[in-house]
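2 protein chains.
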Amino acid sequence: MIGTPAGAVAERRAARVAEIVATAWELARDEGIGGLTLHGLARRLGIRQPSLYAYFESKNALYDAMFADGNRKLLERLDAQRLPNDPRRAVKASMQAFVDFVLADTPRCQLLFQRPIPTFEPSAESYALAEDVLGRVIARLDAAGVEDQGDIDCFVAMVAGLVDAQISNDPGGTRWTRHLDRLVDLYLDDANRRSTP
Amino acid sequence: MIGTPAGAVAERRAARVAEIVATAWELARDEGIGGLTLHGLARRLGIRQPSLYAYFESKNALYDAMFADGNRKLLERLDAQRLPNDPRRAVKASMQAFVDFVLADTPRCQLLFQRPIPTFEPSAESYALAEDVLGRVIARLDAAGVEDQGDIDCFVAMVAGLVDAQISNDPGGTRWTRHLDRLVDLYLDDANRRSTP
DNA sequence: GTCTATAGTTTGATAGAC
DNA sequence: GTCTATCAAACTATAGAC
Numbered sequence: 576m577i578g579t580p581a582g583a584v585a586e587r588r589a590a591r592v593a594e595i596v597a598t599a600w601e602l603a604r605d606e607g608i609g610g611l612t613l614h615g616l617a618r619r620l621g622i623r624q625p626s627l628y629a630y631f632e633s634k635n636a637l638y639d640a641m642f643a644d645g646n647r648k649l650l651e652r653l654d655a656q657r658l659p660n661d662p663r664r665a666v667k668a669s670m671q672a673f674v675d676f677v678l679a680d681t682p683r684c685q686l687l688f689q690r691p692i693p694t695f696e697p698s699a700e701s702y703a704l705a706e707d708v709l710g711r712v713i714a715r716l717d718a719a720g721v722e723d724q725g726d727i728d729c730f731v732a733m734v735a736g737l738v739d740a741q742i743s744n745d746p747g748g749t750r751w752t753r754h755l756d757r758l759v760d761l762y763l764d765d766a767n768r769r770s771t772p
Numbered sequence: 576m577i578g579t580p581a582g583a584v585a586e587r588r589a590a591r592v593a594e595i596v597a598t599a600w601e602l603a604r605d606e607g608i609g610g611l612t613l614h615g616l617a618r619r620l621g622i623r624q625p626s627l628y629a630y631f632e633s634k635n636a637l638y639d640a641m642f643a644d645g646n647r648k649l650l651e652r653l654d655a656q657r658l659p660n661d662p663r664r665a666v667k668a669s670m671q672a673f674v675d676f677v678l679a680d681t682p683r684c685q686l687l688f689q690r691p692i693p694t695f696e697p698s699a700e701s702y703a704l705a706e707d708v709l710g711r712v713i714a715r716l717d718a719a720g721v722e723d724q725g726d727i728d729c730f731v732a733m734v735a736g737l738v739d740a741q742i743s744n745d746p747g748g749t750r751w752t753r754h755l756d757r758l759v760d761l762y763l764d765d766a767n768r769r770s771t772p
C-alpha cells in the first residue's frame, strides 16, 4: 500500500506471465507444439511444475494464453503496417505480411491456424482476437472490391492452402508462397469481373 | 499341409487384419482420430489389448495400415471412375470425386492429409500410395494442359485449402467445396494462358 | 493367437508446508 | 509464489502360460 504504485503488483505478475508464455513458445519450437509439457516448461523456467499453477489453472489455459498472444502479435503487425493507397497493392502487401509472419514460426502457425491439440479450444476472448485478424483481411478485400462472402471464403482458403502446403512440405522455403501475388491478382480479377459484369 | 490350399492361412490372416483396420476406422469416427487407443480398439473387437500385437508390432504400425488402406481406397475410386473425354471436364469430375471421397470421412481425411498424430509418419511403402494418388491428379492436369510445376502446386494447394476449410469449419456442408468447379476453371484458364501466350 | 498379469512411462493436477 | 510429495489416470508394450 505504501510506496507501491497502484497496479505494480499486477504489472509484475503480467510480466511473469508473458515470460512464461515466451518460454513456452521457445520450448514448442524445440520440441514441437505437441511436445510441450508442463514439466518441460517448468524445467526450462528453473521452477517446479506445480508452480505453474499459480499462473495458469490448467494446461489448456496456457494454450489459450499462447493462442491469444500469437493473435495479438499478428494483429499488431497488421495494424503497424503502412499500406499502399492502391487497394489491390494494399491487399498484396497485407497478405505478404500475413504469410511472412505466419511462416516465421511453425508451432505458432499450427496453434493459431490448425488444430494440433485436439483437447484445446480457445476461449471466447481469445477467439475474438482471431476474428479480429480475419476482420482486417476482410476489410482490405472489401476495399479492393471483394464483397461477396463466397469470394472471401475462396480467397482465405487459397491463402491458407498455400501456407499449409509451405509449412508442411517445405518449411523455410518459398515453393508455394512465391505464387501469392499472382494468385491475389487472379482472385481479385475474377471477383471484380463477376461483381461488376 | 493337407487339404489346405496354398496361402489360405495368409488369406485368413489378411482378412482379420482388414477387419481390425475397418474397426479402427469405425472407432476413429466415434472417438476422433486422436481418441483411438489399443484398449478401445480391442474392446470393440471383443479381444484383449495385447492380442493386437499378433497383428501389429506397434500402434504406429496400425496407423500405417490405416494410412495405406485409405490411400488404396482413394486410388481405387479414382481409377474406377469413367472420365469425360474433354480433359477439363475430366479434371473437374476427378477433383469432385476426390473431394467427395475425402470429405465423407473426417478422421480418414485427417490421417491422410493432415498430421494429427505427431509421432506417426507413414512407411515408405504407404507413402508411395499417397504419391500414386497425387500422380493421378497430376496426370489429369497434364492432359488439360497444366504442366508447369508451379501451376500444379498452386492447384493442389487450392483444393487442399478448400477441403481443409470445409472440414474444419463446416463439416458435412458445402460452403467451400461448392466453388470447386469455378476455381478449377479459373486455375486452368490461367495456366493455359501463361503456357501458350 | 489369445489370454492374464504387469511393467514402465508420461503427464496433468492437487494438498499442504514454508 | 514456490516448494516437496504424491496422486491418479491413461496408455503402450512385454513376458510367459495355455
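Residue numbers (the numbering used here), protein chains in the order written: chain A, 576 to 772; chain B, 576 to 772.
In this text, a Cβ means the ideal position worked out from N, Cα and C, and glycines have one as well.
Asked	Found
Can you tell me the Cα-Cα spacing of proline 691 of chain A and glycine 609 of chain B, whole angstroms?	10 Å
Could you tell me whether the Cβ of methionine 641 of chain A comes closer than 8 Å to any Cβ of chain B?	no
With phenylalanine 676 of chain A as the anchor, note down where its alpha helix (DSSP H) starts and where it stops.	662-678
Within 10 angstroms of its Cβ, does arginine 753 of chain B collect 16 or more other Cβ (buried), or is it exposed?	exposed
Measure the C-alpha to C-alpha separation of serine 626 of chain A and phenylalanine 676 of chain B and round it to an integer number of angstroms.	48 Å
Just checking: is the beta-carbon of histidine 614 of chain B within a distance shorter than 8 Å of some beta-carbon in chain A?	no
By DSSP, does threonine 612 of chain B sit in helix, in strand, or in coil?	coil
Is it true that the segment 651-664 of chain B meets the segment 713-729 of chain B, where meeting means three or more beta-carbon pairs spaced less than 8 Å apart?	yes
Using 8 Å as the Cβ pair cut-off and three pairs as the minimum, do the segment 726-735 of chain B and the segment 732-741 of chain A touch?	yes
Compare the C-alpha of leucine 650 of chain B against each of B/Leu637, B/Pro746, B/Ala589, B/Met670 and name the closest.	B/Met670
In chain A, what lies closer than 9 Å to methionine 733 of chain B by C-beta?	Cys729, Ala732, Met733, Gly736, Leu737, Leu758
Within its chain, find whatever has a CB closer than 8 Å to the CB of aspartate 654 of chain B; leave out the 5 residues flanking it on each side and keep chain order.	Arg711
Can you give me the C-alpha to C-alpha distance between arginine 683 of chain B and glycine 607 of chain B, rounded to a whole angstrom?	10 Å
Mind pulling the chain A residues with CB within less than 7 Å of proline 693 of chain B?	Gly607, Gly609
Beta-carbon of threonine 771 of chain B versus every beta-carbon of chain A: anything under 8 Å?	no
Evaluate contact between the segment 756-764 of chain A and the segment 686-705 of chain A, counting only Cβ atoms and requiring at least three cross-stretch pairs below 8 Å.	no
Considering valine 712 of chain A, what are the terminal residues of the alpha helix (DSSP H) in which it resides?	699-718
What first and last residue would you give for the alpha helix (DSSP H) that runs through tryptophan 600 of chain A?	583-606
Just checking my contact of glycine 582 of chain B with leucine 602 of chain B at CB under 8 Å: how many whole Å lie between their CB atoms?	In fact, because the Cβ distance is near 30 Å, the residues do not count as touching under 8 Å.
Would you mind sorting arginine 715 of chain B into buried or exposed? The rule is 16 or more other CB atoms within 10 Å of its CB.	buried
Return yes when the Cβ of aspartate 756 of chain A is within less than 8 Å of the Cβ of lysine 648 of chain A, no when it is not.	no
Taking Cβ to Cβ, would you say threonine 694 of chain B is nearer than 8 Å to asparagine 635 of chain B?	yes
Exposed or buried, which one is valine 708 of chain A when buried takes at least 16 other CB atoms within 10 Å?	buried
Does chain A have any CB closer than 8 Å to the CB of isoleucine 577 of chain B?	Any reading at isoleucine 577 of chain B must be qualified, since the residue scores a pLDDT of 47, below 50, and its modelled position is unreliable; the value itself is stated next. Chain A, which has no Cβ nearer than 8 Å to the Cβ of isoleucine 577 of chain B, makes this no.
Within 8 Å of any Cβ in chain B, is that where the Cβ of tryptophan 600 of chain A sits?	no
Apart from the five residues on each side of it in sequence, which residues of its chain come closer than 7 Å, Cβ to Cβ, to aspartate 644 of chain A?	Val596
Straight-line CA distance for leucine 678 of chain A to proline 772 of chain A?	37 Å
Could you pull the start and end residues of the alpha helix (DSSP H) that glutamate 632 of chain B belongs to?	Looking at the DSSP string, glutamate 632 of chain B is not in any alpha helix (DSSP H), and its letter there is neither H nor E.
Assign tyrosine 638 of chain B to buried or exposed, taking buried as 16 or more other Cβ atoms, counted over all protein chains shown, within 10 Å of its Cβ.	buried
When the Cα of alanine 672 of chain B is compared with those of B/Gln685, B/Arg657, B/Thr681, B/Leu686, which residue comes out closest?	B/Arg657
Could you name the residues of the segment 667-682 of chain A whose beta carbon sits closer than 9 Å to any beta carbon of chain B, in the order they occur along the chain?	none
Exposed or buried, which one is glutamine 724 of chain A when buried takes at least 16 other CB atoms within 10 Å?	exposed
For aspartate 570 of chain A, does the count of other Cβ atoms within 10 angstroms reach 16, so buried, or fall short, so exposed?	Since the displayed chain A opens at 576 and closes at 772, residue 570 of chain A lies outside it and no answer follows.
Where does the unbroken alpha helix (DSSP H) through glutamine 685 of chain B begin, and where does it stop?	681-688
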